[in-house]
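Notes follow once the structure below has been shown.
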Ligand code: NIG
Ligand code: FE
């Protein structure tokens with residue numbers, strides 16, 4: 004494959020010299036080169052530098068692409084999605100507009116159980132086809148690495164079916180895909196009176212097959228009132244750890260139950276959602292190595308209070324941003340909007356938001372050595388924007404699609 008030389012890059016952003024996760028004030032540091040070139044070879048970043056120092060020979064040795072003053076960024080690293088789902092839930096969306104509560108919607112058969120029914124009835128190949136189409140749409144919007152959870156199956160067969168779809172996506176997708184087992188998303192109706200029965204099914208029936216078939220990298224639990232308690236989360240996570248699955252956890256979306264302290268004790272890679280945080284929760288998370296993953300589009304869609312990003316960053320936390328793409332609380336996986344909303348509503352600076360959606364998102368999937376920055380040897384997964392007056396223009400013009408082209412593994416989509 005010939006090497007590709009991108010020239011006349013007005014701003015090449017994200018040229019970090021280290022892959023270490025960024026925390027606190029470090030999140031503001033987004034190293035960049037003005038007026039740059041970048042060389043791509045074998046699907047990876049081979050070299051980059053300033054236009055006025057471009058070695059002449061490179062021009063003749065490469066396919067030269069003049070990007071005409073574009074800004075180039077590493078692709079978004081979306082570390083929390085529920086990309087595999089069947090059908091949609093806009094009826095619930097309209098019910099919510101009319102004033103129905105979450106409980107009333109659940110009583111009508113809505114919520115996670117609605118998606119579970121649809122997944123249970125769906126064929127594996129149809130789930131794969133729908134998820135692949137969503138993934139391709141997200142790639143065109145600049146997503147270059149993604150985590151995907153199960154959790155809409157809620158039976159042994161349907162959870163395994165979801166995870167096999169994710170495993171197949173891993174095999175065929177051109178971007179890195181990570182799989183998370185979220186059997187503990189909610190209690191299926193048949194176990195409503197017997198929660199221990201479902202937890203036993205997760206631990207004794209699902210986990211051994213998941214481990215044997217290598218269907219997951221991580222384990223997740225939805226720890227909330229009326230869902231899974233902190234004690235139940237600990238039990239499930241400890242069982243997952245026995246099989247080598249690291250925890251990435253849904254905590255503190257609706258309530259502060261002690262999930263943050265538990266996530267730290269369990270050595271979670273990330274603690275996700277965090278809409279409802281006490282001062283003590285903020286301090287505990289910020290003093291730990293757990294990456295706090297904020298999902299602002301879920302708060303936006305559910306009309307909830309936004310995550311306290313400023314307090315977390317000011318306390319020194321490591322923050323990532325992700326889309327939470329799912330049919331119930333965030334029917335969008337557009338990371339450009341996630342970044343914009345983080346600046347508009349969470350008061351993150353553009354540099355903080357971009358770092359949180361790239362390097363720190365990659366770290367929240369153990370992919371920081373593969374992608375997330377403009378570094379020699381990393382995947383050439385790049386966002387090439389329309390010409391921008393400055394980097395802040397990206398989140399500022401929140402509804403314009405400023406992603407002109409996307410390069411994945413060195414090839415333009
Ligand atoms: O991450 N909070 C739990 N799970 C999903 C949404 C669940 C649903 O309504 O489908 C989330 O927001
Ligand atoms: Fe989620």
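Numbering (my numbering), first residue to last: 4 to 416.
Cβ coordinates follow ideal geometry from the N, Cα and C atoms, glycine included.
Taking 6 Å as the cut-off, does the CB of residue i come closer than this to any heavy atom belonging to the ligand FE?
i           : result
residue 223 : no
residue 327 : yes
Can you give me the start and stop residues for the alpha helix (DSSP H) that residue i sits inside?
i           : result
residue 345 : 338-347
residue 105 : 105-110
residue 116 : 115-124
residue 409 : Element bounds for residue 409: not the alpha helix (DSSP H) but the beta strand (DSSP E), 406-411.
residue 323 : That residue, residue 323, is in no alpha helix (DSSP H); its beta strand (DSSP E) goes 322-324.
residue 212 : 210-215
residue 95  : 93-100
residue 161 : 159-175
residue 362 : 362-366
residue 60  : 59-64
Determine the contact status of residue i and residue j, defining contact as a CB-CB distance below 7 Å.
i           : j           : result
residue 339 : residue 85  : no
residue 376 : residue 83  : no
residue 148 : residue 370 : yes
residue 269 : residue 240 : yes
residue 383 : residue 410 : yes
residue 381 : residue 374 : yes
residue 385 : residue 175 : no
residue 289 : residue 318 : yes
residue 267 : residue 209 : no
residue 183 : residue 81  : no
residue 233 : residue 262 : yes
residue 356 : residue 401 : no
residue 180 : residue 130 : no
Leaving out the 5 sequence neighbours to the left and right, which residues in its chain are closer than 6 Å to residue i when beta-carbon positions are compared?
i           : result
residue 324 : 297, 341, 345, 359 and 360
residue 103 : none
residue 8   : 42, 61, 65 and 67
residue 259 : 279, 281 and 284
residue 153 : 162, 165, 166, 184 and 185
Look at the alpha carbon of residue i and the alpha carbon of residue j, and state the distance between them as a whole number of angstroms.
i           : j           : result
residue 222 : residue 397 : 34 Å
residue 55  : residue 407 : 25 Å
residue 95  : residue 108 : 7 Å
residue 201 : residue 264 : 25 Å
residue 404 : residue 198 : 46 Å
residue 284 : residue 228 : 17 Å
residue 127 : residue 11  : 45 Å
residue 392 : residue 72  : 10 Å
residue 244 : residue 53  : 46 Å
residue 27  : residue 248 : 28 Å
residue 254 : residue 347 : 23 Å
residue 331 : residue 63  : 52 Å
residue 132 : residue 314 : 41 Å
residue 155 : residue 57  : 51 Å
residue 49  : residue 226 : 43 Å
residue 214 : residue 250 : 15 Å
residue 44  : residue 414 : 10 Å
residue 157 : residue 191 : 6 Å
residue 211 : residue 286 : 36 Å
List the endpoints of the continuous beta strand (DSSP E) containing residue i.
i           : result
residue 307 : Premise fails: residue 307 is in no beta strand (DSSP E) and is neither H nor E.
residue 221 : 221-226
residue 295 : 294-297
residue 129 : Residue 129 -> not in any beta strand (DSSP E); alpha helix (DSSP H) instead, spanning 127-143.
residue 16  : 7-16
residue 195 : Premise fails: residue 195 is in no beta strand (DSSP E) and is neither H nor E.
residue 267 : From DSSP, residue 267 is part of no beta strand (DSSP E) but of the alpha helix (DSSP H) over 262-268.
residue 273 : 273-276
residue 53  : 47-53
residue 186 : 180-187
residue 29  : Run containing residue 29: none; DSSP gives neither H nor E here.
Suppose the cutoff is 7 Å on Cβ atoms and the five residues either side in sequence are ignored; what does the same chain contact list for residue i look like?
i           : result
residue 333 : 298, 300, 301, 304, 326 and 327
residue 372 : 22
residue 194 : 200 and 201
residue 15  : 35, 36, 39, 41, 51, 75 and 377
residue 312 : 297, 322, 345, 349, 350 and 351
residue 33  : 16, 17, 354, 357 and 358
Is residue i a contact residue of the ligand NIG, with contact defined as CB to any heavy atom under 6 Å?
i           : result
residue 169 : no
residue 331 : yes
residue 301 : yes
residue 115 : yes
Return the chain-ordered list of same chain residues with a C-beta closer than 8 Å to the C-beta of residue i, the five sequence neighbours on each side being excluded.
i           : result
residue 308 : 278, 279 and 302
residue 112 : 120
residue 89  : 118, 121, 122, 124, 125, 129, 130, 133 and 155
Any C-beta of chain B sitting closer than 7 Å to the C-beta of residue i?
i          : result
residue 37 : Given the protein chain composition of this structure (a single chain), no chain B is represented.
Return yes when at least one heavy atom of the ligand SAM lies under 6 Å from the C-beta of residue i, else no.
i           : result
residue 348 : The ligand SAM is not part of this structure, which contains only the ligand NIG and the ligand FE.
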